[in-house]
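Asks:
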């Protein structure tokens with residue numbers, strides 16, 4: 011018998027109507043002979059409403075109490091889905107994180123799962139029941155309610171699938187799979203049938219926000235096959251697995267990810283002596299500014315140039331810090347450009363194929379797009395370009411690497 | 011140090027504003043040197059909304075899942091109050107029924123409390139923290155969430171007070187105490203400073219709906235002193251305790267309770283042989299009709315007359331059943347009157363004073379009000395009269411027994 015863990019997100023359970031629709035899907039899957047554990051998020055909007063209440067009551071809400079509050083969201087949906095399933099003649103039983111129990115550390119609002127008890131779930135599955143579990147929440151050894159942080163329901167689903175050695179962990183969401191790039195930018199972007207964990211990690215961290223990166227890491231670590239599907243349409247979705255499991259001729263590249271709203275900062279003429287990088291990034295990090303790309307290149311004589319990107323909203327703060335650092339270490343100049351975007355092509359195939367980078371650069375050159383920064387990893391090439399060229403660059407590369415599908419809409 | 015259990019009902023926590031106001035009250039009481047356990051209901055309206063959702067999903071909602079759903083209401087308010095208290099510099103810690111834990115039987119939606127663990131509460135109180143507990147809910151030995159049924163938050167408060175041997179259990183509500191009768195009927199009705207458990211039981215079961223009868227029974231059984239207070243105004247409220255504890259010259263009668271919407275049914279000429287009462291009330295009870303007053307009087311010769319009252323909405327059903335019974339047992343006649351009301355005077359003082367009944371009957375005779383039925387208990391005399399005379403009767407008796415206060419508004 012096939013054991014599936016299915017996770018439905020906030021938009022999938024946003025109303026009584028939709029909860030009933032989820033129940034239909036779940037009941038059909040059980041009727042097809044599957045054993046099912048269903049993980050739910052709160053109705054979309056509910057968590058934000060509760061957060062707003064908390065902020066109204068306490069300027070900096072106590073995190074233990076915040077978790078007690080937020081966990082009510084999923085507790086509501088699991089009870090309603092269990093009822094809806096019963097109404098369809100499909101026996102079901104709901105569990106909060108504490109009831110399962112999903113044991114976590116005590117890091118309230120961003121707890122990590124330590125262990126999952128399987129006793130209740132196994133018993134109910136053996137009895138032919140659908141087990142409905144509240145996502146996003148757990149309980150400490152001391153009995154305090156915890157939450158896993160935003161996107162935590164994906165993590166709950168993957169962790170359950172890993173613990174139960176499920177055949178597949180299906181993430182139902184409001185898109186029907188992972189695409190070669192954002193369909194809003196490239197009309198003939200294609201849904202991928204499959205993608206490797208590594209590729210998905212590069213894609214999701216780069217802004218293709220289908221799955222929470224943490225849940226993909228988790229799935230990769232425990233080799234839990236994932237599938238992203240739409241709650242609202244039929245379709246096979248996108249399978250995400252290990253390189254072996256995807257079992258197919260790997261394409262050169264799988265997709266193009268990008269982020270706007272980046273700012274680029276450079277510090278030029280940094281003395282070429284040890285400790286300089288730390289002097290630059292120490293204060294930036296201490297100010298809570300997240301740095302994305304870092305490139306260091308050789309400058310003239312005994313100096314180096316260091317360039318990095320931050321989120322655009324942090325530009326002023328980062329710039330001010332950098333000016334101070336420049337004075338201190340006697341660097342020559344600080345340059346700031348907050349009109350840049352980052353674009354990455356991702357694919358495990360590029361590991362074994364030469365010429366990907368040059369094809370990428372050639373494509374951009376043909377469009378007269380200047381490349382400002384380049385960084386690479388084993389399965390990814392990222393560039394920073396002037397923001398206004400972003401869409402043009404994405405479309406040109408999508409064509410150049412032949413990512414469009416046979417069912418292209420363009 | 012004085013240990014108080016305070017319970018705030020749904021209207022007292024109906025908004026963020028009001029939760030903050032409750033926090034002010036609690037923080038002030040702690041500052042005055044009290045140890046505090048606070049029991050909360052859900053925001054008013056929330057439980058009904060959740061119930062409506064459940065009914066939308068499942069015609070006859072699964073009771074286990076219903077309890078999972080409903081218990082989110084109090085879980086929300088306890089977290090918010092704990093935050094509001096912290097914001098006032100008053101350390102606090104919330105507990106769901108399951109976290110305390112409040113152990114109940116498995117009778118979902120109407121569970122009974124079996125035991126309350128005191129470990130967490132005692133520790134927090136010793137640490138100077140306010141303990142905030144979700145009312146209305148508990149947990150079974152197997153870990154399933156239960157609810158205690160409507161009004162269950164009062165029961166939670168009293169049970170906690172009993173377990174912790176609290177000095178007083180204060181029930182905060184939207185009225186400022188227990189009155190001699192309904193102030194909407196008698197303008198100069200007076201707030202009672204104190205009342206005995208027995209009187210309160212007679213008063214509450216007769217329609218003075220300040221406290222849930224079950225929580226009063228519980229308080230009486232474990233001798234937990236109660237106090238009913240207003241969440242919205244300052245004042246001493248009404249103390250409810252044992253006859254000894256109220257420690258005062260007992261008045262002859264404490265109050266006048268009444269219910270409208272009654273219907274009176276009589277079956278005349280019932281053969282005077284054993285088993286007749288059962289033949290009459292067996293089918294009524296089997297039909298789920300609640301019977302209130304029962305009076306049996308001697309009729310002519312070898313027959314009796316039996317009269318009883320039911321809620322007016324059950325008149326037609328009860329009448330039809332009674333006609334059938336009359337035929338079966340060869341009774342003479344069935345009479346139905348659905349325009350009656352019941353009125354009771356209550357007071358432990360009447361036990362030791364003769365003449366209460368006759369003063370009552372005289373007062374009504376002076377107003378030309380005909381008494382249709384009379385029943386008595388040790389501390390109560392109830393009568394059934396024509397409904398249109400109800401207000402007149404209540405006012406006349408309120409005057410006759412001098413229940414109005416010195417601060418009378420009339």
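Chains as they are written, first to last, in this note's numbering: chain A, 11 to 420; chain B, 11 to 420.
Idealized CB from N, CA, C, for every residue including glycine.
1. How big is the Cα-Cα spacing for residue 213 of chain A and residue 16 of chain A?
2. Across which residues does DSSP place residue 232 of chain A in a beta bridge pair?
3. Going by the CB atoms, is the gap between residue 398 of chain A and residue 354 of chain A shorter than 9 Å?
4. Using the beta-carbon of each residue, which ones in chain A are nearer than 7 Å to residue 29 of chain B?
5. Which residues bound the alpha helix (DSSP H) around residue 293 of chain B?
6. Listed from N- to C-terminal order along the chain, which residues in the stretch 146–162 of chain A have their beta-carbon within a distance smaller than 7 Å of any beta-carbon of chain B?
7. On the three-state DSSP scale, how would you describe residue 317 of chain B?
8. Starting from residue 249 of chain A, follow its DSSP beta bridges and name the residues at the other end.
9. Taking a contact to mean a Cβ-Cβ separation below 9 Å, would you say residue 145 of chain B touches residue 22 of chain B in this structure?
10. So who's on the other strand from residue 103 of chain B, going by DSSP bridges?
11. Following the continuous beta strand (DSSP E) through residue 265 of chain B, name the residue where it begins and the one where it ends.
12. Can you tell me whether DSSP reads residue 109 of chain B as helix, strand or coil?
13. Taking only runs of the beta strand (DSSP E) that begin and end inside the stretch 326–360 of chain B, which ones reach a length of at least 3 residues, in chain order?
14. By DSSP, does residue 29 of chain A sit in helix, in strand, or in coil?
15. Nearest CA to the CA of residue 383 of chain B: which residue from B:35, B:305, B:314 and B:311?
16. What residue range is occupied by the uninterrupted alpha helix (DSSP H) comprising residue 134 of chain B?
17. So which residues of chain A does residue 88 of chain B contact, with C-beta pairs closer than 9 Å?
18. Along chain B, which residues have their Cβ under 7 Å away from the Cβ of residue 85 of chain A?
19. Could you name the residues of the same chain whose beta carbon sits closer than 8 Å to that of residue 483 of chain B, not counting the 5 residues immediately before and after it, in chain order?
20. For the candidate residues A:191, A:137, A:115 and A:285, whose alpha-carbon lies nearest to that of residue 338 of chain A?
21. Step through the CB atoms of chain B and report whether any lies within less than 9 Å of the CB of residue 222 of chain A.
22. Out of curiosity, what's the CA-to-CA distance linking residue 109 of chain B and residue 82 of chain B?
23. With DSSP collapsed to three states, give me the class of residue 422 of chain B.
24. Would you say the stretch 180–195 of chain B touches the stretch 261–269 of chain B, given that touching needs at least three Cβ pairs under 8 Å?
25. Tell me which same chain residues have a C-beta within less than 7 Å of the C-beta of residue 419 of chain B, skipping the five on either side of it?
26. For residue 305 of chain A, which three-state DSSP category applies?
27. Tell me whether residue 33 of chain A is buried or exposed, calling it buried when 16 or more other Cβ atoms sit within 10 Å of its Cβ.
28. Just to confirm my understanding: we take residue 152 of chain B, look at its own chain, exclude 5 residues before and 5 after, and list those with CB closer than 7 Å. What are they?
29. Quick one: what's got a C-beta closer than 8 Å to residue 24 of chain A's C-beta in the same chain, skipping five residues either side?
30. Please list the residues of the stretch 124–136 of chain B that have a C-beta atom closer than 9 Å to any C-beta atom in chain A, keeping them in chain order.
31. Taking the C-alpha atoms as reference points, what is the distance between residue 374 of chain A and residue 381 of chain A?
32. Hey, how far is the Cα of residue 187 of chain B from the Cα of residue 90 of chain A?
33. For a cutoff of 9 Å on Cβ pairs, would you count residue 106 of chain A as touching chain B?
34. Looking only at its own chain, which residues have a Cβ that is under 7 Å from the Cβ of residue 423 of chain B, when we skip the five neighbours before and after it?
35. Does DSSP classify residue 126 of chain B as helix, strand or coil?
36. In the DSSP assignment, find the unbroken beta strand (DSSP E) run with residue 178 of chain A in it and report its ends.
Replies: The structure says:
1. 22 Å
2. In the DSSP output, where bridge partners are listed per residue, residue 232 of chain A has none listed.
3. Going by C-beta atoms, residue 354 of chain A is not nearer than 9 Å to residue 398 of chain A.
4. 67
5. 286–296
6. 153
7. strand
8. A:204 and A:237
9. no
10. B:141
11. From DSSP, the beta strand (DSSP E) with residue 265 of chain B extends over 265–281.
12. helix
13. 343–356
14. helix
15. B:305
16. For residue 134 of chain B, the uninterrupted alpha helix (DSSP H) run begins and ends at 129–136, by DSSP.
17. 75, 78 and 79
18. 78 and 82
19. In this structure chain B extends from 11 to 420, so residue 483 of chain B is not present and cannot be described.
20. Comparing Cα positions, the closest option is A:285.
21. So, not an interface residue.
22. 13 Å
23. In this structure chain B extends from 11 to 420, so residue 422 of chain B is not present and cannot be described.
24. yes
25. In this prediction, residue 419 of chain B scores a pLDDT of 38, lower than 50, which makes its location untrustworthy; no coordinate-derived value is stated.
26. DSSP places residue 305 of chain A in strand when its eight states are reduced to three.
27. Buried: at least 16 other Cβ atoms inside 10 Å.
28. none
29. So the qualifying residues of the chain are 53, 54 and 55.
30. 130
31. 8 Å
32. 39 Å
33. For residue 106 of chain A, the answer is yes, since a Cβ of chain B falls inside 9 Å of its Cβ.
34. Here chain B has residues from 11 to 420 only, and residue 423 of chain B is not among them.
35. strand
36. Residue range 178–183 is occupied by the beta strand (DSSP E) that includes residue 178 of chain A.
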